[in-house]
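*Asks:*
Residue numbers (the working numbering), protein chains in the order written: chain X, 1 to 117; chain P, 118 to 237.
(1) Fully enclosed by the segment 32-101 of chain X, which beta strand (DSSP E) runs are 3 residues long or longer?
(2) Does residue 200 of chain P come out as helix, strand or coil in the three-state DSSP assignment?
(3) Do the CB positions of residue 106 of chain X and residue 8 of chain X come within less than 8 angstroms of each other?
(4) In whole angstroms, give me the CA-to-CA distance for residue 12 of chain X and residue 60 of chain X.
(5) Within this structure, are the beta carbons of residue 134 of chain P and residue 213 of chain P separated by less than 8 angstroms?
(6) Pull up the CB-CB distance for residue 128 of chain P and residue 234 of chain P, whole angstroms please, since I reckon it's below 8 angstroms.
(7) What does DSSP give as the partner residues of residue 208 of chain P in its beta bridges?
(8) As a quick exercise: from X:84, X:26, X:14, pick the residue whose alpha carbon is nearest that of residue 70 of chain X.
(9) By DSSP, does residue 15 of chain X sit in helix, in strand, or in coil?
(10) Identify whether residue 194 of chain P lies in helix, strand or coil by the three-state DSSP scheme.
(11) Under 8 angstroms, Cβ to Cβ, is there at least one residue of chain P near residue 108 of chain X?
(12) Would residue 184 of chain P pass as a contact of residue 194 of chain P if the rule is Cβ separation under 8 angstroms?
(13) Should residue 154 of chain P be labelled buried (16 or more other beta-carbon atoms within 10 Å of its own) or exposed?
(14) Can you give the beta carbon distance from residue 188 of chain P to residue 168 of chain P, rounded, assuming they're within the 8 angstroms contact cut?
(15) Identify, in the order they occur along the chain, each residue of the same chain with its Cβ nearer than 8 angstroms to the Cβ of residue 171 of chain P, setting aside the five sequence neighbours on each side.
(16) Label residue 221 of chain P either buried or exposed according to how many other C-beta atoms from any shown protein chain fall within 10 Å of its C-beta, with 16 as the threshold for buried.
(17) Going along chain P in order, which residues have a C-beta closer than 9 angstroms to the C-beta of residue 58 of chain X?
(18) Give me the subset of the segment 14-43 of chain X whose CB atoms are less than 9 angstroms from a CB atom of chain P, sorted by chain position.
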């Protein structure tokens, strides 16, 4: 069965600190997709990144970086030099095309990040 | 500004009321979704529509009735809800329902801001 675990319920950091949000996933399939979404207080889920299971290259986008490790079934997200605007709930998600459909996303319970000025 | 808009943003309804949530996407997508976000629970997929046809119903109780008149609009009709149905209901859309391409944004799902529903 598919499962996404975000063990960190809440994290608080001081502005300009780096912070890593953990995500561990479970799936029986070899083809799957992993996602990170940001949910600010307004409620909208903002798409951040999608990776497929065959591409383990780490990715950097500005202050954001993602570390995909198939050996540990993890897809961690790091924010460098955090800013107050980064305060939000961050969700990791998994989709499993062969089992439940490419766009049936299984979400973790989210990590609430608070960046203190 | 989001390409997926939802109305109303907040709704309070009694258990005997009938109300509807509306979603409109301005992205030219063909697939639309309803997700439910309850407190302290993972987001749950409720329904999927592709080219106006329902392709997935994730064992949702019949008191939730979706309607998709065209690829740009999606409704969720609510009838005789329970207090435990209080949640944030998120609409989403994507170009299609196939596997996301690695070459472009493909079928990535884009979400609206949600409708906060309280059942009293």
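Note that CB positions come from ideal geometry on N, CA and C, so glycine has one too.
*Replies:* Taking the definition as stated:
(1) 33-39, 46-52, 59-61, 64-69, 74-79, 88-96
(2) Against the second chain, residue 200 of chain P aligns to sequence position 83. Here residue 200 of chain P sits in helix by DSSP.
(3) Taking the first residue of the first chain as position 1, residue 106 of chain X is located at position 106. Taking the first residue of the first chain as position 1, residue 8 of chain X is located at position 8. Contact flag unset, no.
(4) Within the first chain, numbered from 1, the residue matching residue 12 of chain X stands at position 12. Within the first chain, numbered from 1, the residue matching residue 60 of chain X stands at position 60. Spanning the two alpha carbons is a distance of roughly 22 angstroms.
(5) Working through the second chain from its first residue, we reach residue 134 of chain P at position 17. Working through the second chain from its first residue, we reach residue 213 of chain P at position 96. Going by C-beta atoms, residue 134 of chain P is not nearer than 8 angstroms to residue 213 of chain P.
(6) The count along the second chain starts at 1 and reaches residue 128 of chain P at position 11. The count along the second chain starts at 1 and reaches residue 234 of chain P at position 117. The pair is a contact, with the Cβ atoms about 5 angstroms apart (cut-off 8 angstroms).
(7) To locate residue 208 of chain P, count along the second chain from 1; it is residue 91. Note: residue 208 of chain P sits in a beta bridge opposite P:151.
(8) Along the first chain, read from residue 1 onward, the residue named residue 70 of chain X stands at position 70. Among X:84, X:26, X:14, the Cα nearest to that of residue 70 of chain X is on X:26.
(9) The residue you call residue 15 of chain X lines up with position 15 of the first chain. Residue state, collapsed to three classes: coil.
(10) As a first step, residue 194 of chain P must be located in the second chain, where it is residue number 77. Residue 194 of chain P falls in the strand class under three-state DSSP.
(11) Along the first chain, read from residue 1 onward, the residue named residue 108 of chain X stands at position 108. Cβ-Cβ to chain P under 8 angstroms: yes for residue 108 of chain X.
(12) Counting from 1 along the second chain, the entry for residue 184 of chain P is found at position 67. Counting from 1 along the second chain, the entry for residue 194 of chain P is found at position 77. Their beta carbons are under 8 angstroms apart, which means residue 184 of chain P touches residue 194 of chain P by this criterion.
(13) For the purposes of this step, residue 154 of chain P is taken as the residue at position 37 of the second chain. Burial call: buried.
(14) Locating residue 188 of chain P in the second chain gives position 71, where the first residue counts as 1. Locating residue 168 of chain P in the second chain gives position 51, where the first residue counts as 1. Between residue 168 of chain P and residue 188 of chain P the Cβ distance is about 6 angstroms, and since that is below 8 angstroms, they are a contact.
(15) In the second chain, the residue the question calls residue 171 of chain P occupies position 54. Taken in chain order, the residues that qualify are 164, 165, 183, 185.
(16) The sequence position of residue 221 of chain P within the second chain is 104, counting from 1. Reliability of the predicted coordinates at residue 221 of chain P is poor, the pLDDT of 45 falling under 50, and no value is obtained from them.
(17) The residue given as residue 58 of chain X occupies position 58 in the first chain. Residues of chain P passing the Cβ test: none, with the nearest at roughly 15 angstroms.
(18) 31, 33, 35, 37, 39, 42, 43
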